[in-house]
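What follows is a short report on a single structure.
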Amino acid sequence: MQVCRTIGEIREFTNKARVAGKTVGLVPTMGYFHEGHLNLMREAKKKCDVVVVSLYVNPLQFGPKEDLGEYPRDFDRDCAMARSVGADAVFAPGNDEMYPAGYSSFVEVTGITGKLCGSSRPGHFRGVTTVVAKLFNIVRPDQAFFGQKDAQQAMVVEKMVRDLNMGLEIVTLPIVREADGLAMSSRNVYLDEEQRQTAPVLYHSLCAFRDAVADGERNVPKLRRGIEEMISSTPGAKVDYVEILSVPDLELLDTLNGKCIAALAVRFGKTRLIDNMVVEV
Ligand code: PAF
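Mind the numbering: the sequence shown is residues 1 to 281 in my numbering, read in order.
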């Protein structure tokens, strides 16, 4: 597995692959890998001849009071894990490589970025779409792989690719969960023992939502309240948002109809976790 620190190096690597007639898959990440990341890499390896994993903690998508400084990092462990599932290259640029002095270009998707994490993390998606657009231009993948845990991110990236005719396929893979249902996230390491024990309430509240829908409930405010009350009654859990919206437009609904997503963000102390479940009626 090749480790590339510069845009020149990774371009040379992917150009060689393309000249040899190979397809290129990109797994964009911020590192500190868990099974969810490895699942994306394995799937990329099944679908593409060559897999590039980008590993870059993008400062542009963190707000001034967010966890950029503390974001967990372990480059050597990440490289070993990527290698173990057959990644062909890791692209790990520094900030000067991605945003050199004088950098002033940004990519913004409007509309769906104003909801959910977009409203509680202003500027977040502008940072995500800017770095992802740059990664797409640098690596020029045939397919790029994202996780459903960041459902809104995957929808925003898909919209950007469609709107800007970027000509690659976005593959979104299901959430990978711990045995007790907690969605895997690099941020789970921030949780103390007690928080870790209570955090699966996110998944349990979404399962209760899914079961209520299966039993015929269609009233969105009632379903939303059900999720919120279950989480709020858990010690240490503070709801940032709970929303049930249409997919893919993320419109507010009174009555469940068609494909919908229940999405939530919850704080346990300083740690903010997200989760979601899609239902179709
Ligand atoms: O999901 C992430 O890890 C990041 O938002 C991404 C897509 C790698 C962009 O920095």
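Built from N, CA and C at the ideal position, the CB exists for glycine as well.
Asked: What span of residues does the beta strand (DSSP E) with PRO28 cover, start to end?; Found: 24 to 29
Asked: Taking any heavy atom of ligand 1 as the mark, which residues have a C-beta closer than 6 Å to it, listed down the chain?; Found: PRO28, THR29, MET30, ASN58, GLN61, VAL128, VAL131, VAL132, ASP150, GLN153
Asked: Apart from the five residues on each side of it in sequence, which residues of its chain come closer than 6 Å, Cβ to Cβ, to MET184?; Found: HIS34, GLU35, GLY36, VAL176
Asked: For PHE146, count neighbouring Cβ atoms within 10 angstroms of its own Cβ and tell me buried if that reaches 16, exposed if not.; Found: buried
Asked: Assuming VAL52 contacts LYS45 (C-beta within less than 8 Å), just tell me the rounded distance between them.; Found: In fact, because the Cβ distance is near 11 Å, the residues do not count as touching under 8 Å.
Asked: Measuring only the C-alpha atoms, how far is ASN58 from ARG140?; Found: 19 Å
Asked: Starting from LEU191, follow the alpha helix (DSSP H) in both directions and report where the run begins and ends.; Found: Neither: LEU191 is in no alpha helix (DSSP H) and is coded neither H nor E.
Asked: Taking 7 Å as the cut-off, is the C-beta of LEU60 nearer than that to any heavy atom in ligand 2?; Found: Ligand 2 is not part of the structure shown, which contains ligand 1 as its ligands.
Asked: Could you give the DSSP three-state label for ASN165: helix, strand or coil?; Found: coil
Asked: Anyone know if the C-beta pair for ALA151 and ASN276 falls short of 8 Å?; Found: yes
Asked: Going by CA-CA distance only, name the one from GLN148, VAL156, TYR32, ARG11 that's closest to VAL132.; Found: VAL156
Asked: If you count every other CB in all the chains shown that lies within 10 Å of the CB of ASN257, and 16 or more means buried, which is it?; Found: exposed
Asked: Determine contact between the segment 191 to 198 and the segment 218 to 227, defined as no fewer than three beta-carbon pairs at a distance below 8 Å.; Found: no
Asked: Out of CYS79, CYS48, PRO72, LYS65, state which residue places its alpha-carbon closest to the alpha-carbon of ARG5.; Found: CYS79
Asked: If you compare alpha carbons, which of THR29, PHE62, ALA89 is closest to ASP49?; Found: ALA89
Asked: Tell me where the beta strand (DSSP E) around ARG267 begins and ends.; Found: 259 to 268
Asked: Can you grab the Cα-Cα spacing for the pair VAL107 / SER246, in whole Å?; Found: 24 Å
Asked: Confirm, please, whether the CB-CB distance from LEU68 to PHE62 is below 8 Å.; Found: yes
Asked: Hey, could you find the ends of the alpha helix (DSSP H) ASN39 is sitting in?; Found: 35 to 47
Asked: At what residue ranges does the segment 196 to 257 contain a whole run of the alpha helix (DSSP H), taking only runs of 4 or more?; Found: 201 to 214, 220 to 232
Asked: List in chain order: all unbroken alpha helix (DSSP H) runs of 4+ residues lying wholly within the segment 90 to 114.; Found: 95 to 98
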